[in-house]
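Trainee:
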Amino acid sequence: MTNSNGNKALERADAKVKQLLDRARNLEPGSVALVDAPAGAGKTGLVTRLVPRHVKEDRRVAVITQTNEQADDLSRRLAREQPKLDITRMVKSGYDDPGFPNNVTVLSDAAALGSSSVVVATADKWSFATAKLGKTTFDIGLIDEAYQMAGGKLLYSGHLFQALEMVGDPGQLSPFSQVDTERWSGLSVDPTKNAVDTLRYYMDFEHDSLPVTRRLPAHAAGIVRAAFYEDLEFSAATELGARQLGLVGKARRGSSASRVADMALKHGWAIARLPQRSVQRNDQEIAHAAASIAKDLLEREVHRMEDDDSRFDKVLAPGRIALGASHRDQVAALRAAAESLGIEGVAIDTANRLQGREFDVVIAWHPLSGQVEASAFHLDVGRLCVLATRHRHACVLVGREGIEDLLEMSVPTGEGLLGETIDRSISGWQAHLLLLGELAHTEVKW
Amino acid sequence: MSKYRAMLKLRAFQEGVAQPYRELRHFYVADRPFVLAYVQMAGETFSLWACLCGRDRDDPYWIVADDPRNRDLQSEAFASLAEVLNREIGSSMANDLEPLQIWVSNAGAGANLARIGRVMRARQVSDEVSLAGAYLDLYAQSMAAPTSVLCMAATEALGRQRATGQSDFEDANLASQLMWWDRRVLAKLFPGLKAAAAKAMSVFEAAAKAEKLPMGTLTSPSADEDLDDVVRQLGVIRREGRTSPKLTKQLHDALYAQVLPIWEAIWEARNVVSKIRESASASERWQQDSRGFRWQYDYLVGGGKRRFTDSPMRAAKLLAQWEAAQADAARDEVAEDRLALVEAVLDNEAVIGTVKKVEKKKIGKREHPFITLAVDETELTKGADVWWRDNLKVKGCITAIEPLKAERLQVTIHVTAGMTKHAMPAVGSSTAFITLPPSFGVQAPMPDNPPWTHRLRVEPVDDDE
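Chains A and B are the protein sequences, given in the same order.
For the first sequence, counting from 1, position 192 maps to 364 in the numbering used here; every step adds exactly one.
For the second sequence, counting from 1, position 452 maps to 542 in the numbering used here; every step adds exactly one.
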């Protein structure tokens, strides 16, 4: 069975990509272009098509990523999809080669770069490489995850790139510094401001967005858009009900985990609510609850139905489930809980490290659960956004009662800085309330 | 707040006395700091109302502006402050002594120094006042640099050493925080109160009494009504071209009563923390502070002007410097201080254990050193990079964590860098590895001019308009 609505959406997405590729061809030196992409809209796919398009026009392309993992993944994917493309992955010295296809050359000495036409490296590596590159320039600097990059990093390497093309997800985590940056808050020179906002201060540039999220199911796209991407227009690639999960095993009587799992499979969302308590960050009960929901799903054997057929015939593998949290000690608690329940193969990590990854079911530790105060760190819209947008099928939020009360108690006043169009603490606060409100009917008392 | 600090706060609350958060003092404290205790009129954060300052506790300078809203009076007060400050800074620097370390009561008092400094520069009263304004700006801004102690807020100095059983908000009142160290200090802040009587109070009573004292930059609201009245009367008299020594004395006495407890409390705080043994790396950081100040001093005295805002290049460089300095200081603390190590272990940033084996295993052609630790507990995971606490040059990676008897764990560390014959933990010894990475020692070089990405596009002006 085909999915006519879904096909239309995908056609729209393809048309947009073609349009963006055409635009890329006309990008002139000294100019900047931006593509905003919501979660799962095919950002990396776009990058892997933009690069060969530029190469075809005889342009040298520098790809700027934010982490080494992103650079490795992107190099690998580019190499696989464009076997004729020669790619240089520029790394720091002493970097362990994670293994690449044959058309990727790993290089640590920037001076030996020669005339490679596609070079992939992190923003930091580009900064350090600049001194060794002399007069070398690239026709295009392609920034992946531009919203995660501190604009100040372009001060080191900006002159290497004649034009910039930025691709990013505006809902994700912003650059963050451990030191006090109040000295620059609200100023254009703030070096922690993301690359998009930094460049926006200095110049006007073209701005477009990808219109379809392939990852998020139809029942999630609208809520996610309302909570995290007010300014973006996008929809899901599939119709409601085209993508579903079904359980083979029966719910265990009296099991909270089973009730949460049932709710998540029915609505694609669930909020598991433990009793209110003020607790240390690595709340063992939350960790145990989250892990036991994963265990319930695995034990009862989940079958999934994908967009392209109507049968529940694909079994959900452990690797398609993720447990996510905000802090490393929470992740440690989740790992310990998973181990004690005998769960293996499930991805367990922080929101930071789950960015850019995709799963069928995500069980997320609510960032405000059990907190006495809602700090700017926890209100940051990006952390919740990452956790609530990794799933293809269902997302479960696990938290304690009282999150709404905490939010009501800590209405952020915002800094009200001139030149700041968005206050992240306010938009984060709104997103938290909106998401909980929209999902109120999926609550399950633990 | 870290788990360790949360635990200390609970214990402090229970025992009624501040609990040691660090064994050593990780910041330099000058023998003769320049203490600056001042109050401002409510709503006049860019001016000075009254101030006790100087390097001698028994012989401070007293500066007062009878009405800080009157520009002439304000300028006079600025000129007096400038004279004191320029003389003290000038004589230290000219004699190649260390720079002045300025102490204020709390972070807010530090932040308002920047405001006062900016007005002193912008008002153009005189070159002397502008110079002093630049110094104040420099000192106030140095507080944002993570490892600088050119300007110390007394509340933070105390907080870095011990944890009290009250909130951070309550701790921001210096007198109140001091009660958790020594209640007898209350007698020095309240004339007429005996030290024995102060000691007989519970810490909560003492802190409650202490927090009624103005310890920030504002006078106490109860004093304000009387002060306001006197200032108004004096204003009328001044406009008529007359003076009133009696009213003036009344005003000065009232203001002095407001500032004196701040002055005393800052000295008390300085004295108690100065008695704590200083860590080895603290003086290195102070040397950096000194070099930085020397550079700025030469620049300012040579006629240079401090920019009011940073260029994008300077902002990015400063951020990189600060991040590196903070990362290195955090490592130094854990390496030098056993209590900092405890905190790091609880935060999963370190692991303590007994060395079971130090051996070499062949991987490929080369032999690699491995260290095996027996530990009670750790939430670190396989693959984590670690550095040996006793010699931070020794770097390794956790390759295995296996259960031992009695719920203990065995952690295997593959040493990948920095290990020599002389740098090896001894079998049987108790040691620790930390996960805090070193900062990038070398910062990427920055071009001299901003790239095209950081240049404003100026539209050509249309001549016809």
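Just so you know, even glycine gets a beta-carbon here, dropped at the ideal spot from N, CA and C.
Going by DSSP, name the residue or residues bridged to A/Arg431.
Mentor: Looking at the DSSP assignment, A/Arg431 forms no beta bridge with any residue, so it has no partner.
Trainee: Using the three-state DSSP reduction, which class does A/Thr174 fall into: helix, strand or coil?
Mentor: Annotation note: pLDDT 43 at A/Thr174 (below 50); position unreliable, coordinate value reported separately. Reduced to three states, the DSSP call for A/Thr174 is coil.
Trainee: How should B/Val517 be labelled, buried or exposed, when 16 other C-beta atoms within 10 angstroms of its C-beta is the threshold for buried?
Mentor: Exposed is the call here.
Trainee: For B/Phe460, which residues of its own chain have a beta-carbon under 8 Å away from its beta-carbon, when the five flanking residues on both sides are left out?
Mentor: Within the same chain, B/Phe460 has close Cβ partners Lys447, Val448, Glu449, Lys450, Lys451, Thr489, Thr502, Ile503, His504, Val505.
Trainee: Based on the DSSP secondary-structure assignment, which residues constitute the bridge partners of B/Ile442?
Mentor: In DSSP, B/Ile442 forms a bridge with B/Ala522.
Trainee: I want to verify the contact list: residues of chain A whose CB lies under 8 Å from the CB of B/Trp542, in sequence order.
Mentor: The answer, in chain order, is Gly202, Gly330, His331.
Trainee: If you draw a straight line from the C-alpha of A/Arg572 to the C-alpha of A/Leu495, how long is it?
Mentor: Approximately 17 Å, taken between the alpha carbons.
Trainee: In angstroms with no decimal places, state the Cα-to-Cα distance between A/Arg415 and A/Ala390.
Mentor: Using only the alpha carbons, I get a separation of about 8 Å.
Trainee: Taking DSSP as the reference, what is the three-state secondary structure of B/Glu105?
Mentor: DSSP places B/Glu105 in helix when its eight states are reduced to three.
Trainee: Check whether the Cβ atoms of B/Val219 and B/Ala287 lie closer than 8 Å to each other.
Mentor: No, the Cβ-Cβ distance between B/Val219 and B/Ala287 is not below 8 Å.
Trainee: State yes or no: is the beta carbon of B/Pro402 nearer than 8 Å to at least one beta carbon in chain A?
Mentor: Closer than 8 Å: yes.
Trainee: Which value, in whole angstroms, describes the spacing of the CA atoms of A/Met173 and A/Val474?
Mentor: At A/Met173 the pLDDT is 39, less than 50, meaning the model places this residue with poor confidence; the figure from the coordinates comes in the next sentence. Each residue's alpha carbon lies about 22 Å from the other.
Trainee: Quick one, which residues of the stretch 301-316 of chain A are near chain B if we go by CB-CB under 8 Å, in chain order?
Mentor: Result list: Thr302, Ala303.
Trainee: Starting from B/Ala534, find everything on chain A with Cβ-Cβ shorter than 8 Å and list it in chain order.
Mentor: Residues of chain A passing the Cβ test: Asp296, Ser299, Phe300, Thr302, Ala303, Tyr328.
Trainee: Going by beta carbon distance, what residues of the same chain come within less than 7 Å of A/Leu589, once the five residues before and after it are set aside?
Mentor: These residues qualify, in order along the chain: Ser357, Gly358.
Trainee: Have a look at B/Asp272 and B/Gln191 and give me their C-alpha separation to the nearest angstrom.
Mentor: So the two alpha carbons sit approximately 24 Å from each other.
Trainee: Per DSSP, what are the beta-bridge partners of B/Trp477 in this structure?
Mentor: Paired residue(s): B/Lys485, B/Ile524.
Trainee: Check B/Glu555 in the structure and name its three-state DSSP category.
Mentor: Caution applies to B/Glu555, whose pLDDT of 42 falls short of 50 and renders its modelled position unreliable; the value that the coordinates give is listed next. B/Glu555: coil per DSSP, three-state reduction.
Trainee: Which one or two residues does DSSP pair with A/Gly340 in a beta bridge?
Mentor: DSSP lists A/Asp208 as partners of A/Gly340.
Trainee: From A/Gly323, A/Leu327, A/Asp341, A/Phe333, pick the residue whose C-alpha is nearest to that of A/Phe348; which is it?
Mentor: For A/Phe348, the nearest C-alpha among the options comes from A/Gly323.
Trainee: Got a sec: is the Cβ-Cβ distance from B/Pro537 to anything in chain A below 8 Å?
Mentor: Yes - at least one Cβ of chain A is within 8 Å of the one on B/Pro537.
Trainee: Just mark A/Val233 as buried or exposed, buried being the case when its beta carbon has 16 or more other beta carbons within 10 Å.
Mentor: It counts as buried.
Trainee: Just to confirm, is the Cβ distance from B/Val275 to B/Trp193 under 8 Å?
Mentor: No, they are not a contact pair.
Trainee: Express the C-alpha separation of B/Leu431 and B/Arg498 in angstroms, rounding to a whole number.
Mentor: Distance between the alpha carbons of B/Arg498 and B/Leu431: 20 Å.
Trainee: Going by DSSP, what residue range makes up the alpha helix (DSSP H) through A/Leu222?
Mentor: Element bounds for A/Leu222: 215-228.
Trainee: Answer yes if the stretch 195-214 of chain B comes into contact with the stretch 243-260 of chain B, meaning at least three C-beta pairs across the two stretches below 8 Å, and no otherwise.
Mentor: Yes, the stretch 243-260 of chain B touches the stretch 195-214 of chain B.
Trainee: Hey, B/Trp478 and B/Pro515 are a contact pair by Cβ (cut 8 Å); roughly how many whole angstroms apart?
Mentor: That belief holds up - the Cβ atoms of B/Trp478 and B/Pro515 are roughly 7 Å apart, short of 8 Å.
Trainee: Pull out every residue of the stretch 349-378 of chain A whose Cβ sits closer than 9 Å to any Cβ of chain B, in chain order.
Mentor: Cβ contacts with chain B come from Ser349, Gln350, Val351, Asp352, Thr353, Glu354, Arg355, Trp356, Leu359, Ser360, Val361, Asp362, Pro363, Thr364, Ala367, Thr370, Leu371, Tyr373, Tyr374, Met375, Asp376.
Trainee: Got a sec? Which residues, its chain only, sit under 6 Å from B/Thr135 by beta carbon, not counting five neighbours each side?
Mentor: Excluding residues within five positions, the ones whose Cβ falls inside 6 Å are Asn202, Arg205.
Trainee: Comparing the C-beta of B/Leu499 with each C-beta of chain A, is any distance below 8 Å?
Mentor: False, the Cβ-Cβ gap to chain A never drops below 8 Å.
Trainee: Looking at chain B, is there any beta carbon in it that lies within less than 8 Å of the beta carbon of A/Ala459?
Mentor: For A/Ala459, the answer is no, since every Cβ of chain B falls outside 8 Å of its Cβ.
Trainee: Reducing DSSP to helix, strand and coil, say where B/Ile366 ends up.
Mentor: B/Ile366: coil per DSSP, three-state reduction.
Trainee: Could you tell me the alpha carbon to alpha carbon distance between A/Arg248 and A/Ser203, rounded to whole angstroms?
Mentor: Distance between the alpha carbons of A/Arg248 and A/Ser203 is about 28 Å.
Trainee: Look at the alpha carbon of A/Lys617 and the alpha carbon of A/Glu471, and state the distance between them as a whole number of angstroms.
Mentor: Cα to Cα, the separation comes out at about 21 Å.
Trainee: So that I know if they touch, is there some Cβ in chain B lying closer than 8 Å to that of A/Asp501?
Mentor: Interface residue, yes.
Trainee: So B/Ala234 contacts chain A; which residues on that side make the cut at Cβ distance below 9 Å?
Mentor: What B/Ala234 touches in chain A: Val351, Asp352, Thr353, Glu354, Arg355.
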